[in-house]
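Trainee:
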Amino acid sequence: YVSQGIVKDTPSATVYARNMLRHSIYYNDAAFLQKTLALLEAKKSVRELQKLDELITALKVPFEIRDASRKLAIRFLKLTQELHPVKRCSNYLTRIQEGKLHGHYAVAFALYAHASGITLKDALLAFYYNMVNGIVTNCAKLVPIGQGDAQKILFDLQPTIKQLVDEQEN
Numbered sequence: 045y046v047s048q049g050i051v052k053d054t055p056s057a058t059v060y061a062r063n064m065l066r067h068s069i070y071y072n073d074a075a076f077l078q079k080t081l082a083l084l085e086a087k088k089s090v091r092e093l094q095k096l097d098e099l100i101t102a103l104k105v106p107f108e109i110r111d112a113s114r115k116l117a118i119r120f121l122k123l124t125q126e127l128h129p130v131k132r133c134s135n136y137l138t139r140i141q142e143g144k145l146h147g148h149y150a151v152a153f154a155l156y157a158h159a160s161g162i163t164l165k166d167a168l169l170a171f172y173y174n175m176v177n178g179i180v181t182n183c184a185k186l187v188p189i190g191q192g193d194a195q196k197i198l199f200d201l202q203p204t205i206k207q208l209v210d211e212q213e214n
């Protein structure tokens, strides 16, 4: 979008980030996080989580998107091991590294959130903010926009994030 001149300034970066939240993250990674948390709450088997990992892998058709999800998951899981080890997260990381699972950031985030007693609402709020922060950071570098403008975009998107979380919780 940047190379085509669609995202070229702060207003267009804001629209892009909002659209990514509403039309991509909501239906994909945030939904995967929600599904993972639901499986964990229902105390479903490890096999059910493996099936979800396989489904997410199949749904992330472009290699680059699958690979990015895997890399984010691995980085996140390694960080949790350093800062606050969680057995479930360590097991997921091991299975990814062994090639038994592909690995996805939304699943890793949900595993950690559940083990830490974080509610669905708070997990979704944090997840959406983290995802949009990455989008805005990339816009700041590529468009380019200033850091102040990037912070304003993040601030301005807070109502959108809250709305999406409210919709997702119901």
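In this note's numbering, the protein residues as written are 45 to 214. All residues carry an ideal CB built from backbone N, CA and C; glycine is no exception. All values reported here derive from a predicted model rather than from experimental measurement.
Find out if the Cβ-Cβ distance for the pair LEU169, VAL130 is shorter than 7 Å.
Mentor: Start at 1 with the first residue of the sequence shown, and residue 169 comes out as number 125. Start at 1 with the first residue of the sequence shown, and residue 130 comes out as number 86. Their beta carbons are not under 7 Å apart, which means LEU169 does not touch VAL130 by this criterion.
Trainee: Which residue's Cα is closest to the Cα of LEU145: ILE197, ILE162, GLU98?
Mentor: The residue you call residue 145 lines up with position 101 of the sequence shown. Closest by alpha carbon: GLU98.
Trainee: Tell whether a beta-carbon distance below 7 Å holds between LEU201 and ALA154.
Mentor: By 1-based counting over the sequence shown, the position of residue 201 is 157. By 1-based counting over the sequence shown, the position of residue 154 is 110. Their beta carbons are not under 7 Å apart, which means LEU201 does not touch ALA154 by this criterion.
Trainee: Please classify VAL105 as buried or exposed, where buried requires at least 16 neighbouring CB atoms within 10 angstroms.
Mentor: On the sequence shown, residue 105 is found 61 positions in, with the first residue counted as 1. An exposed status is given to VAL105, since fewer than 16 other beta-carbon atoms sit within 10 Å of its beta-carbon.
Trainee: Is the beta carbon of THR58 sitting closer than 7 Å to the one on ILE189?
Mentor: Your numbering for residue 58 matches position 14 in the sequence shown. Your numbering for residue 189 matches position 145 in the sequence shown. No.
Trainee: Going by the beta-carbon positions, is the gap between TYR149 and LEU116 smaller than 7 Å?
Mentor: Position 105 of the sequence shown, counted from the first residue, corresponds to residue 149. Position 72 of the sequence shown, counted from the first residue, corresponds to residue 116. TYR149 places its beta carbon less than 7 Å from that of LEU116.
Trainee: Excluding sequence positions up to five away, which residues of its chain have a Cβ less than 6 Å from the Cβ of ALA184?
Mentor: Within the sequence shown, the letter at position 140 stands for residue 184. The answer, listed in chain order, is ALA194.
Trainee: Of the choices GLY161, ILE197, VAL151, whose alpha-carbon is the least far from that of LYS95?
Mentor: Position 51 of the sequence shown, counting from 1, holds the residue named residue 95. Of the listed residues, the one whose Cα sits closest to LYS95 is VAL151.
Trainee: Please name the residue, chosen from GLY192, LYS79, GLY49, that lies closest to ILE100 on a Cα-to-Cα basis.
Mentor: In the sequence shown, counting from the first residue as 1, residue 100 sits at position 56. Comparing Cα positions, the closest option is LYS79.
Trainee: So which of ALA61, SER47, SER56, VAL51 has the shortest CA-CA distance to ASN25?
Mentor: As shown, the chain starts at 45 and ends at 214. That puts residue 25 outside it, with no answer to give.
Trainee: Round the Cβ separation of THR204 and ARG66 to the nearest angstrom and send it over; I've been treating them as touching at under 8 Å.
Mentor: Translated into the one-based positions of the sequence shown, residue 204 becomes position 160. Translated into the one-based positions of the sequence shown, residue 66 becomes position 22. Your pair THR204 and ARG66 checks out as a contact, with CB atoms roughly 7 Å apart and the cut at 8 Å.
Trainee: DSSP three-state call for THR163: helix, strand or coil?
Mentor: By one-based count along the sequence shown, residue 163 stands at place 119. Coil.
Trainee: Out of ALA102, ASN72, ARG132, VAL180, which has the shortest C-alpha to C-alpha gap to VAL51?
Mentor: Counting from one through the sequence shown, the residue named residue 51 turns up at place 7. The option with the nearest alpha carbon to VAL51 is VAL180.
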